[in-house]
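Undergrad: Residue numbers (the UniProt record's numbering): 1 to 265. Take this structure, written in structure tokens, and hold onto it; I'll ask about it next.
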């Protein structure tokens with residue numbers, strides 16, 4: 001086997017791929033704290049929504065339990081959505097700003113730019129979700145979860161964060177302007193409102209109930225609700241894994257194709 005220093009050729013490729021990914025991740029992490037308004041929005045908007053629903057609408061909504069307990073899983077998902085949507089805008093900014101072209105002239109793995117955005121978005125989501133849960137505890141959220149259930153929550157949220165981040169990478173690569181990237185994220189951000197996140201789906205009109213029951217956010221939220229509060233999960237965890245595991249794989253493939261296509265233009 002041909003050696004390159006202390007590493008084989010194959011080992012060297014993996015080494016440089018990891019190193020390039022880490023370099024781009026550090027760039028994205030620096031942007032999180034330099035552009036504090038994006039982090040503030042990722043935290044502040046979902047928290048504001050939670051407080052509004054709990055204190056303004058909560059008294060009029062019957063869910064069979066304290067409304068703050070019912071609504072928190074949906075707020076967590078909304079929080080991840082807002083935090084991840086920033087990725088689409090950032091990817092488009094890099095594309096239209098000529099950063100892709102500059103990286104091609106450097107000894108840098110081009111796809112590491114996408115990985116950097118995903119890891120940066122993941123860290124932003126972890127921060128925002130943690131703050132949202134702490135605020136929920138302060139206003140009366142009472143989870144009934146042991147350490148195994150909390151590990152399950154972490155696993156579910158990790159899968160969701162990664163899959164939705166890659167979806168927004170695809171959105172960022174599809175459009176030609178930051179404004180279009182921002183607009184393209186709206187349908188995905190709106191999905192939790194058409195699920196069991198804020199009201200039981202049984203209260204919806206029949207045509208909307210059918211959609212709410214069969215879209216990916218409902219099994220995700222019901223899985224989180226079951227882990228945090230001990231409500232029945234049924235088959236929702238398998239549906240959630242199928243939806244977001246498939247979405248992760250498909251979006252990564254599409255993002256790679258779009259990135260290579262842009263590289264060839």
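Cβ atoms here follow ideal geometry from the backbone N, Cα and C, with glycine treated the same way. Please read all numbers here as calculations on a predicted model, not as lab measurements.
#1: When we look at the beta-carbon of residue 172 and count the other beta-carbons within 10 Å, is it buried (16 or more) or exposed?
#2: For the alpha helix (DSSP H) containing residue 56, list its first residue and its last residue.
#3: Compute the Euclidean distance between the alpha carbons of residue 5 and residue 184, then round it to the nearest angstrom.
#4: Mapping DSSP to helix, strand and coil, what is residue 94?
#5: What residue range does the alpha helix (DSSP H) around residue 161 cover?
#6: Return the CA-CA distance between residue 79 and residue 71, expressed in angstroms with no decimal places.
#7: CA-CA distance, residue 2 and residue 260?
#8: Taking just the CA atoms, how far does residue 113 sit from residue 8?
#9: I'd like to check one pair, residue 131 with residue 43: are the Cβ atoms closer than 8 Å?
#10: Considering only C-alpha positions, which residue in the set 223, 258, 67 is nearest to residue 149?
#11: What residue from 243, 220, 191 has the CA that sits closest to residue 232's CA?
#12: Classify residue 166 as buried or exposed, calling it buried when 16 or more other Cβ atoms lie within 10 Å of its own Cβ.
#13: So for residue 214, helix, strand or coil by DSSP?
#14: If you count every other CB in all the chains shown that lies within 10 Å of the CB of residue 210, and 16 or more means buried, which is it?
#15: Quick one: give me the first and last residue of the alpha helix (DSSP H) that residue 135 is part of.
#16: So residue 198 is in the alpha helix (DSSP H); what residue range does that whole segment cover?
#17: According to DSSP, is residue 223 helix, strand or coil?
#18: Considering only residues of the same chain and omitting the five flanking positions on each side of residue 89, which have a CB-CB separation below 6 Å?
#19: So which of 95, 199, 82, 170 has the shortest CA-CA distance to residue 47?
#20: Beta carbon of residue 197, beta carbon of residue 77: below 8 Å?
#21: How big is the Cα-Cα spacing for residue 125 and residue 94?
TA: Quick look at the numbers:
#1: buried
#2: Unbroken run through residue 56: none, as it is neither H nor E.
#3: Here residue 5 scores only 47 on pLDDT, less than 50, and its place in the model should not be relied on; the value that follows carries that caveat. Each residue's alpha carbon lies about 47 Å from the other.
#4: helix
#5: 147 to 174
#6: 12 Å
#7: Interpretation of residue 2 is limited by its pLDDT of 40, a score under 50 that renders its predicted location unreliable; no figure is taken from the coordinates.
#8: A caution first: residue 8 carries a pLDDT of 49, below 50, which makes its placement in the model unreliable, though a value can still be read off. About 25 Å.
#9: yes
#10: 223
#11: 220
#12: buried
#13: coil
#14: exposed
#15: 112 to 138
#16: No alpha helix (DSSP H) holds residue 198; DSSP gives it neither H nor E.
#17: helix
#18: 178, 181, 182
#19: 82
#20: yes
#21: 21 Å
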